[in-house]
Amino acid sequence: MTRAVVYALVVAVPIAVLAYLVRTQFGPLIDLDQEVSVAATDFTRSHDGFHSFAHAWEMVSQPWVMYAVLGVPACVFAWARLHLRTRAMWALATMATGWLIAVLLKLLVQRTRPVVEDPFAVHSGYSFPSGHATNNAIVVTVVLLLLRHAMGVTARRVLLAVGVAWVLITCADRIFMGAHYLSDVTAGVLLGVGLCAASYAGYLGWSPPNPTENHTKEAADDDAHQVA
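Residue numbers (this note's numbering): 8 to 235.
What follows is the structure in structure tokens.
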């Protein structure tokens, strides 16, 4: 559990600093965000093909789509086919917690969306942190940790590379579509990955009062993978 607390603090501090700088309108950060946003949205506006691709990516990377298509099915698979029941419950709890924290942070910081000249898309709600970035990072990280027992080394590396690419493209998409600033997606990724790391460390350090045979097997598998 000590490791989980350390991970949580390591993630919470930079997110809190970013949130504070956003709330207080820290000049250099706001200027950087604005410059990146203007350059990105100008590019999207002047390239119809790229705009179509970015809009399509915006749709498929929506948080509810990621949870419905990847997150929840992965938990069901881990529970029913791999018999990793406590791990599946950890995954569901982590995803739900991450989604809720992102919503609460939006309400706390209350940053308005980027104001785009000649807008080509409309986005509602608050901007910090990016919900797409946060929840995509959560789903990808949770699935990687959840299914690591079912994959070999090569498969894990391939899935990691695909997952990282997916999250980075999603972050870029939010900026190019004028939905978020650079600091919004940065905070989202920090929150998503950091929450999962802290939660997983806590899961590995947790021992139920009466361990089941299944939980004991999962813990042993985790130890074996850590050694490997």
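Note that CB positions come from ideal geometry on N, CA and C, so glycine has one too.
Contact belief for residue i with residue j at Cβ below 8 angstroms, rounded distance in angstroms
i	j	result
R181	A144	No, R181 and A144 are not in contact; Cβ-Cβ is about 12 angstroms, not under 8 angstroms.
L91	A85	4 angstroms
L154	G170	With a Cβ gap of about 11 angstroms, L154 and G170 do not count as contacting.
Y74	A208	Contact doesn't hold; Cβ gap of about 23 angstroms is too wide.
R120	A194	With a Cβ gap of about 15 angstroms, R120 and A194 do not count as contacting.
L197	V12	With a Cβ gap of about 17 angstroms, L197 and V12 do not count as contacting.
L189	V43	5 angstroms
Residue i, buried or exposed, once every other Cβ within 10 Å from all chains shown has been counted against 16
i	result
F135	buried
P80	exposed
D246	Outside the displayed range of the chain (8 to 235) lies residue 246, so it cannot be described from this structure.
T51	buried
W71	exposed
V83	exposed
A172	exposed
A63	exposed
A168	exposed
T177	buried
G56	exposed
Member of the options whose CA lies at the smallest distance from the CA of residue i
i	options	result
V116	L107, G34, Y27	Y27
R88	L198, T48, A157	A157
L166	S137, W64, Q69, T148	T148
P126	T104, R164, C203, A47	A47
L238	L189, I176, F60, V146	The chain is shown only over 8 to 235; residue 238 falls outside these bounds and no answer can be derived.
A103	N142, L77, V76, R118	N142
A204	V122, E124, C178, A98	A98
V45	L16, G56, V122, T177	V122
Cβ of residue i within 8 angstroms of any chain B Cβ
i	result
G138	In the structure shown, chain B does not exist; there is a single protein chain.
task: Return the chain-ordered ranges of every alpha helix (DSSP H) run that is complete within the region 30-91 and spans a minimum of 4 residues.
output: Listed in chain order, they are 34-53, 55-67, 70-73, 79-87.
- prompt: So does the region 171-187 actually touch the region 19-30, counting three or more Cβ pairs closer than 8 angstroms?
  reply: Not touching, per the Cβ criterion.
query: Pairing CB atoms from the region 124-138 with CB atoms from the region 99-116, are three or more of them under 8 angstroms?
result: Yes, the region 124-138 is in contact with the region 99-116.
message: Quick check on the DSSP output: what are the complete alpha helix (DSSP H) runs of length 4 or more inside the region 130-201, in order along the chain?
response: DSSP runs (the alpha helix (DSSP H)) wholly in the region 130-201: 138-153, 160-183.
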